[in-house]
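*Asks:* For reference, the structure I am asking about is given below.
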């Protein structure tokens, strides 16, 4: 086994920016690795924890990546109580539900997860900072997705599955 090298504290801002870029070019494993390097140095770093959680959920629908709810929930447990925990719990549920829609799971199971996400977004909305309507935006997107599924029986819209949309940008 290799002994991992440590980054410097001064490198954290640039490392976070690089992790975000790797997420944007759809390389969540590289972004995850960078977050783990930051968290090795600063275990409670809030931006790195959120980025790690998002990197993990980016990997839900990738066969062979071995990332599931357990890993995402472990990252979630490291976030502070209140808005961040409720909001990102909603993100996990929403993305897991969308993953189920893109696989061979039942639509009912997927919708149940999306409804659970909506409940978490409602809890987060009450605690959200002024001017931050991210929980409302996600709740509305979930409601529209469920309405589409109930109307058509599928999550497909214009030839693309819902899992192809990236709607998990962290709030400022």
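Numbering (this note's numbering), first residue to last: 5 to 176. Every residue, glycine too, gets a C-beta built ideally from N, C-alpha and C.
With a CB to CB cut of under 8 Å and the five nearest residues on each side skipped, what residues in its chain are close to residue 83?
*Replies:* Working through the chain shown from its first residue, we reach residue 83 at position 79. Result list for residue 83: 50, 53, 54, 57, 89 and 92, in chain order.
*Asks:* Nearest by alpha-carbon distance to residue 15: which of 39, 28 and 33 is it?
*Replies:* To locate residue 15, count along the chain shown from 1; it is residue 11. The shortest Cα separation from residue 15 among 39, 28 and 33 belongs to 39.
*Asks:* Can we say the segment 117-133 touches the segment 71-83, given the rule of at least three CB pairs closer than 8 Å?
*Replies:* Judged by Cβ distances under 8 Å, the segment 117-133 makes no contact with the segment 71-83, as fewer than three pairs qualify.
*Asks:* Using DSSP with H/G/I as helix, E/B as strand and the rest coil, what is residue 9?
*Replies:* Numbered from its first residue, the chain shown carries residue 9 at position 5. Coil at residue 9, not helix or strand.
*Asks:* Rounded to the nearest angstrom, how far is the Cβ of residue 101 from that of residue 114, given a contact under 8 Å?
*Replies:* Taking the chain shown and counting its residues from 1, the one referred to as residue 101 is at position 97. Taking the chain shown and counting its residues from 1, the one referred to as residue 114 is at position 110. 5 Å between Cβ atoms; contact.
*Asks:* Among the residues of its own chain, which have a CB less than 7 Å from the CB of residue 175, if the five just before and after it don't count?
*Replies:* Position 171 of the chain shown, counting from 1, holds the residue named residue 175. With a pLDDT of 42 at residue 175, under the threshold of 50, the modelled position of this residue cannot be trusted, and the question is left open.
*Asks:* Taking buried to mean at least 16 other C-beta atoms within 10 Å of its own C-beta, is residue 124 buried or exposed?
*Replies:* Against the chain shown, residue 124 aligns to sequence position 120. It is buried - the Cβ of residue 124 has at least 16 other Cβ atoms within 10 Å.
*Asks:* What number of angstroms, rounded off, separates the C-alpha of residue 47 from the C-alpha of residue 154?
*Replies:* Position 43 of the chain shown holds residue 47. Position 150 of the chain shown holds residue 154. Computed Cα separation, rounded: 43 Å.
*Asks:* Over what stretch of residues does the alpha helix (DSSP H) that includes residue 139 continue unbroken?
*Replies:* Sequence index remark: in the chain shown, residue 139 carries index 135 (1-based). Run containing residue 139: 138-156, per the alpha helix (DSSP H) assignment.
*Asks:* Between the Cα of residue 68 and the Cα atoms of 33, 98 and 26, which residue gives the shortest distance?
*Replies:* What you label residue 68 is simply residue 64 of the chain shown in a count that begins at 1. For residue 68, the nearest C-alpha among the options comes from 33.
*Asks:* Quick one: Cα of residue 151 to Cα of residue 11, how far?
*Replies:* On the chain shown, residue 151 is found 147 positions in, with the first residue counted as 1. On the chain shown, residue 11 is found 7 positions in, with the first residue counted as 1. So the two alpha carbons sit approximately 47 Å from each other.
*Asks:* How should residue 142 be labelled, buried or exposed, when 16 other C-beta atoms within 10 angstroms of its C-beta is the threshold for buried?
*Replies:* Residue mapping note: residue 142 aligns to position 138 of the chain shown, counting from 1. With 16 or more other Cβ atoms within 10 Å, it is buried.
*Asks:* For residue 104, which residues in the same chain have their Cβ closer than 6 Å to its Cβ, ignoring the five residues on either side in sequence?
*Replies:* Taking the first residue of the chain shown as 1, we reach residue 104 at position 100. The residues are 113 and 114.
*Asks:* Compare the beta carbon distance of residue 27 and residue 59 with 8 Å and say whether it is the shorter of the two.
*Replies:* Position 23 of the chain shown, counted from the start, is the residue given in the question as residue 27. Position 55 of the chain shown, counted from the start, is the residue given in the question as residue 59. In this structure, residue 59 lies closer than 8 Å to residue 27 by Cβ.
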